[in-house]
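Let me begin by presenting the structure, written as structure tokens, before commenting on it.
Protein chains in written order, with the working numbering: chain A, -13 to 226; chain B, -13 to 226.
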């Protein structure tokens, strides 16, 4: 059985200019791996209408799910919701369900529900809301695209809201062996192992620490017994 | 004058599975911003031939420069060099100049220059080498695609080798004001400012720290006087 697939779109000039270090990609990658959804691609793009519409159109056609991060706040540079609506040819306006959530929230806080804040209730026709327990302003799911905030605490809360509603697959199991030898030395035996266990993914991730070269050999697959068998062979190849 | 543009391709299943947190993107983003090359897009893709050839083909046509990270080591899963050659229809084999560099290196170390290590001397016809002072095995530039290693220390050394050889543009200047108010409050005045200074990029990056909402307002542009003028107006809008 093949797992559902996913792509992620990180929207933000601040990542591309190097001002901010993205952390949402790593969080989502780990969360998806746990539930057996295979993250196949991530694109980091700028706060630009054409770029966002293009990425949403391309990736929503190619993957089971698309997750976006960023650009759904109240300021002029928050254009993600409108772009996702445009990508699907859907109308978008302030929607009653989202407005009611925010109205109640701002009433409780005694804060004016002004025009800028109303922007956060702009939801495309046909989308369902994604709960945001942190700061209330919801994300939304439009077709197979899950639109979430960029602030890590809010992004993570939205991922926790949406993931349990999606059908996962077989979680990817992985085992790891650290070998303190240069990759040039282990590459031959490793290629043999990869040939023998062609149903698994066997990756070599080199590192250099205090002048010592080594590699983490990672064996991944959905069948635990096969992963075990490959790891046993690997340990025989590189004892100690 | 428009700055040269760039895209980055991060090649690695280990990033997409969440096993490893990428740091090369952030490093390159900062380095490019400093020399006035505008990073427009980053794609993180898997160690998959079709994915790599597709991304190289699409992005090398769309941007002045493409930088890749990962997949040029000696192991069976290192397929980037072959994929870049394929994307440009170039032949690839062990090349004398790269072989000589590695041969000398392994001779000095008294280590066998075996078949796996020779894989690292596979360079497409017509490419020029990128120096690697850390671990010798070179990267290469094929047309407008700069192919570099994934290990951060090696990636960073290769970036330092290649960047001085590229023509940059006007460095992007930026100023930053932290405003301790929710974005819903500052969005109105900020949109006005963005309208008034439409030659600049004005971004709002919200944060939440110890329950306090605020935003970093970042003003970016190539004309220092304009950035100064916009920052002066911004400070008048949000004094203190």
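For each residue, glycine too, the CB sits at the ideal point set by N, CA and C.
- Taking the C-beta atoms as reference points, residue 154/A is found no nearer than 9 Å to residue 10/A.
- At a cut-off of 9 Å, the C-beta of residue 199/A has a neighbouring C-beta in chain B.
- At least one C-beta of chain A is nearer than 9 Å to the C-beta of residue 28/B.
- Scanning chain B for C-beta atoms nearer than 7 Å to the C-beta of residue 147/A yields nothing, as the closest lies near 17 Å away.
- Linking residue 201/A to residue 59/B through their CA atoms gives a straight-line distance of about 11 Å.
- When C-beta distances to chain B are compared with 9 Å, the residues of the stretch 56 to 83 of chain A below that value are 59, 60, 61, 62, 63 and 64, in chain order.
- Nearest CB-CB separation between residue 6/A and chain B: below the 9 Å threshold.
- The criterion of a C-beta distance shorter than 9 Å is satisfied by residue 123/B and residue 107/B.
- At least 9 Å separates the beta-carbon of residue 147/B from that of residue 173/B.
- Less than 9 Å separates the beta-carbon of residue -3/A from that of residue 54/A.
- Sixteen is the threshold: when 16 or more other Cβ atoms of the shown chains lie within 10 Å of the Cβ of residue 63/A, as they do, the residue is buried.
- Sorting 76/A, 78/A, 104/A and 29/A by C-alpha distance to the C-alpha of residue 86/A places 104/A at the top.
- Cβ contact annotation for residue 130/A (same chain, cutoff 8 Å, sequence separation greater than five): 46, 49, 50, 51 and 52, in chain order.
- Judged by their CB atoms, residue 25/B and residue -9/B are nearer to each other than the 9 Å cut-off.
- Under the Cβ distance rule, residue 12/B counts among the residues neighbouring chain A, one pair being separated by less than 9 Å.
- Contact between the stretch 74 to 81 of chain B and the stretch 93 to 102 of chain B is not established, with fewer than three Cβ pairs separated by less than 8 Å.
- Judged by DSSP in its simplified three-state form, residue 117/A adopts coil rather than helix or strand.
- Below the 8 Å Cβ cutoff, chain A contributes 194 as neighbours of residue 139/B, in chain order.
- For residue 62/A, no alpha helix (DSSP H) encloses it, and the DSSP letter there is neither H nor E.
- By the rule that beta-carbons nearer than 9 Å mark a contact, residue 125/B does not touch chain A.
- Note on geometry: alpha-carbon atoms of residue 117/A and residue 217/B lie some 36 Å from one another.
- Neighbours of residue 204/B in chain A, taken as residues whose beta carbon is under 9 Å from its own, are -1, 0, 3 and 5 in chain order.
- Nearest to residue 7/B by C-alpha distance, out of 30/B, 183/B and 22/B, is 30/B.
- Minimum Cα-Cα distance from residue 193/A among the listed residues 151/B, 120/B and 22/B corresponds to 120/B.
- Residues of the stretch 100 to 112 of chain B with a C-beta less than 8 Å from any C-beta of chain A: 100, 101, 102, 103, 105 and 106, listed in chain order.
- Not a single CB atom of chain A sits nearer than 9 Å to the CB of residue 219/B.
- Within the stretch 180 to 192 of chain B, the residues whose Cβ lies closer than 9 Å to some Cβ of chain A are 180, 181, 187, 188, 189, 190, 191 and 192, listed in chain order.
- For residue 101/B, the three-state secondary structure derived from DSSP is helix.
- The beta-carbon of residue 172/B is placed less than 9 Å from the nearest beta-carbon of chain A.
- Per DSSP, residue 158/B lies in no alpha helix (DSSP H) segment and is marked neither H nor E.
- In the displayed model, residue 194/A falls within a strand according to three-state DSSP.
- Excluding sequence positions up to five before and after residue 158/A, its CB lies within less than 6 Å of the CB of 19 and 206, all in the same chain and listed in chain order.
- Straight-line spacing of the CA atoms in residue 56/B and residue 135/B works out to 5 Å.
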